[in-house]
Amino acid sequence: TCIIVALLHGQTIEAWQEKIKERVAAQEGYPTPDELPAFFSPEAQHEARLHWENVRQQERTGGVSTPGTGPLRQLQLAGALGKEGMFT
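Pasting the structure below:
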């Protein structure tokens, strides 16, 4: 109710609707985009996709990662672990 009162500013609903029709016809305000932009960056989308692929793989294998695809392997590939699998 408070929002409607704030929008009307003492006008009747019909007067408010007519004002809005005129503003839309005159294209006042920001244009409405044809499609929504991506909510997450491409990098975040890629990371999420990798995460959920890993989750599905673990579900298929009973919670065991395929050799060479687990989180430690991911760190090693990223250069965070040394050749022996220890932090450098």
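Going by the numbering used here, the sequence shown opens with residue 46, and the numbers climb by one from there.
For each residue, glycine too, the CB sits at the ideal point set by N, CA and C.
Reduced DSSP secondary structure (H/G/I, E/B, other) of residue i
| i | result |
| --- | --- |
| His91 | helix |
| Leu81 | coil |
| Gln72 | coil |
| His96 | helix |
| Gln119 | helix |
| Gln103 | helix |
| Gln62 | helix |
Candidates the options: closest to residue i by CA position
| i | options | result |
| --- | --- | --- |
| Gly74 | Ile65, Glu80 and Glu92 | Ile65 |
| Pro116 | Ala71, Glu63, Val100 and Arg105 | Val100 |
Contacting residues, own chain, Cβ-Cβ under 7 Å from residue i (five flanking each side not counted)
| i | result |
| --- | --- |
| Trp61 | Leu52 and Leu53 |
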